[in-house]
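Reviewing the structure listed below.
In the numbering used here, the protein residues as written are 3 to 263.
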């Protein structure tokens with residue numbers, strides 16, 4: 003249990019039975035059905051001690067506030083790593099996609115292509131180590147030309163849009179892999195025949211283990227993962243509706259916005 007003056011980070015995933023093995027905490031393999039609490043944007047919260055993690059003392063408040071989504075991406079790439087030299091595609095350059103990009107780079111991908119409609123986020127992905135950044139309308143032709151018609155070795159779906167589940171398979175080569183990380187809140191139209199005939203391996207990843215949460219803090223603290231560049235602003239609690247409207251419009255310079263209670 004944490005006590006002052008320790009800074010802590012709360013893991014937001016709550017399991018319906020309230021108890022999970024430490025090794026599986028907050029992953030899709032934990033016990034019970036995942037649900038989410040309703041206190042995300044409050045000045046004070048009531049929290050179970052087992053969900054609080056002591057923040058690495060080398061982290062700034064802004065970095066600590068972004069560890070949780072970065073840990074999600076670490077868990078996903080750790081479970082579905084690119085092989086050395088492979089062509090990896092990342093769909094979506096929001097906080098999840100840009101964190102995934104950095105883990106994929108650290109893991110040794112040979113060529114990283116980001117697919118993202120927002121100009122500012124495409125530019126940011128290049129600054130973070132992507133070799134190419136293209137719009138969704140350019141993606142199929144660009145990746146086909148890049149790979150001489152074969153397709154990407156692995157595609158990370160980070161947009162969280164139902165339609166991009168199938169496009170992840172479209173961009174992958176025969177025998178390639180697609181890893182679903184983005185949380186699409188709806189049914190997705192897919193082509194099972196294409197999945198079958200291409201012998202695609204489709205996997206999914208949710209959350210993180212306690213160990214992965216701790217490891218993520220270490221990678222951020224020593225500079226191998228840059229979360230500072232993702233933090234585009236901090237707003238007060240009273241201004242949250244305005245920033246949500248801007249973010250949902252798709253026309254924004256923001257990437258990751260933190261909320262000051």
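Glycine included, each C-beta is placed from N, C-alpha and C at the ideal position.
- With contacts defined by Cβ atoms closer than 7 Å, residue 93 and residue 160 form a contacting pair.
- When the beta-carbon positions are compared, residue 256 and residue 64 stay at least 7 Å from each other.
- Residue state for residue 139 is assigned as helix, using DSSP reduced to three classes.
- Residue 69: member of the alpha helix (DSSP H) spanning 69 to 81, first to last residue.
- Residue 158 and residue 183 do touch by the CB rule: their CB atoms are close to 6 Å apart, below 8 Å.
- With contacts defined as CB atoms closer than 7 Å, residue 128 and residue 103 fail to qualify as a contacting pair.
- The Cβ-Cβ distance between residue 215 and residue 90 does not fall below 7 Å.
- Around the C-beta of residue 68, 16 or more other C-beta atoms lie within 10 Å, and the residue is accordingly described as buried.
- 76 is the residue among 136, 225, 190 and 76 whose C-alpha sits nearest the C-alpha of residue 105.
- Exclusion of the five residues before and after residue 254 leaves 248 as the residues of its chain whose Cβ lies within less than 7 Å of its Cβ.
- In its chain, beyond the 5 residues on either side, 79, 83 and 84 have a beta carbon closer than 7 Å to the beta carbon of residue 109.
- Note on residue 219: 16 or more other CB atoms within 10 angstroms of its CB, so buried under the neighbour-count rule.
- Less than 7 Å separates the beta-carbon of residue 116 from that of residue 132.
- In the structure shown, residue 159 adopts extended strand secondary structure according to DSSP, grouped into three states.
- Among the bridge pairs identified by DSSP, residue 182 is matched with 159 and 206.
- The Cβ atoms of residue 185 and residue 162 lie closer than 7 Å to each other.
- Bounds of the alpha helix (DSSP H) holding residue 195 are 194 to 199.
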